[in-house]
Structure formats: structure tokens, C-alpha cells
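> Under the numbering used here, read the sequence shown as residues 6 to 140, first letter to last. The structure is given below, and queries will be raised subsequently.
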Amino acid sequence: MANVLDKIVADKKLELIERKATRPLESFKHLAVPTSRSFYKALAAPGTQFILECKKASPSKGLIRDPFDLTEITSVYKKYATCMSVLTDAKYFQGSFDYLEFVRSQVEQPLICKDFFIDEYQVYMARIYGGDAIL
6 MANVLDKIVA DKKLELIERK ATRPLESFKH LAVPTSRSFY KALAAPGTQF
56 ILECKKASPS KGLIRDPFDL TEITSVYKKY ATCMSVLTDA KYFQGSFDYL
106 EFVRSQVEQP LICKDFFIDE YQVYMARIYG GDAIL
């Protein structure tokens, strides 16, 4: 397992080198404003709370959902979810920050941006694309 995680972290470092070269943090850092959707308050509400996940694929299972129709997924999830998790890692989960941005436009629930976070750059990316929390 450690070898797999080492590979993922190494790949993420390379991805971030490329991202930073094309879009430096200072070019968008100012866009990261505080969220109005409280992940904590949503989960602290009385009763049972659900976090539903938008996941297209995983390293262990491969493609999980085909077709991956975010319009359909969000139309169902928003009826039941307290919060939603959106995978943004492209290489291992076939995720995208565009998915996060789209889901943000479709629902009112707080969103978790789920990726392999190793750098503050990613935290800012998560926020400007609509993440209210990270994992």
C-alpha cells in the first residue's frame, strides 16, 4: 500500500509543477473568498446526515460509473445529501475541478473537494472551484 501512495504523491507533485507553471497561485489566490456554506453546521444538524460522493472511477475498481452524468447524479443527490463530495483527482479517479464547479452550480449543500492534498495551491484551487471543505 505504501508503494501505491508513494506513486500517487509523486504523480501529484509532477501535476502541481505543471499547474503552477501555467497558473501561478498569485494569479488566483485573491479569488478564494470564505464560503457561505458551512460543512460543520450541516453535519451538526439534528438527525442523520449523509455525505454522498460523485466518483467516476477509483484506482482499485477502475471505472465505477459509466456514463458519468453529473446532471443526473446531482438531481438525485441534492434530495438526500447533507453534503456532497466531488473527486477532483484526474489520474487516479478521473475527477476534475470542472466537476466540482458544475456540482456547485447545481446544489445548495456544502461540497467537499476530494483529492490527494499535498500543497496549499490545491487548497486554493478547491476553494475557487467551489469546495467548502477538503479531504
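All C-beta atoms, glycine included, are put in the ideal place defined by N, C-alpha and C. Remember, it's a predicted structure, so these values are computed and weren't measured experimentally.
Does DSSP classify Val91 as helix, strand or coil?
Three-state DSSP puts Val91 in a strand.
> For Leu105 and Thr93, which I take to be in contact (beta-carbon distance under 8 angstroms), what is that distance rounded to the nearest angstrom?
That pair is a contact at about 6 angstroms.
> Run the CB neighbour count on Arg70, radius 10 Å, all protein chains shown included, and call it buried at 16 or more, exposed below.
Exposed is the call here.
> According to DSSP, is Ile123 part of a helix, a strand, or is it coil?
Correct three-state label for Ile123: coil.
> Looking only at DSSP bridge pairs, what is Ile22 linked to?
DSSP output for Ile22 lists no bridge partner at all.
> From the DSSP output, read off the bridge partner residues of Ala62.
The partner list for Ala62 (beta bridge, DSSP) reads Leu68.
> Less than 8 angstroms between the CB atoms is what I'm expecting for Val90 and Leu10, so what's the real figure, rounded?
Checking the sequence, you will find Ser at residue 90 rather than Val. Contact flag wrong, Cβ pair sits at about 19 angstroms.
> Would the beta-carbon of Asp137 fall within 9 angstroms of that of Phe44?
Yes, they are a contact pair.
> Take Ser101 and list the residues in its own chain whose beta-carbon comes closer than 7 angstroms to its own, dropping the five residues that flank it on each side.
Thr93, Ala95.
> Determine the closest residue to Ala86 out of Leu19, Glu113, Ala26, with distance taken between C-alpha atoms.
Residue Glu113 is the option with its Cα nearest to Ala86.
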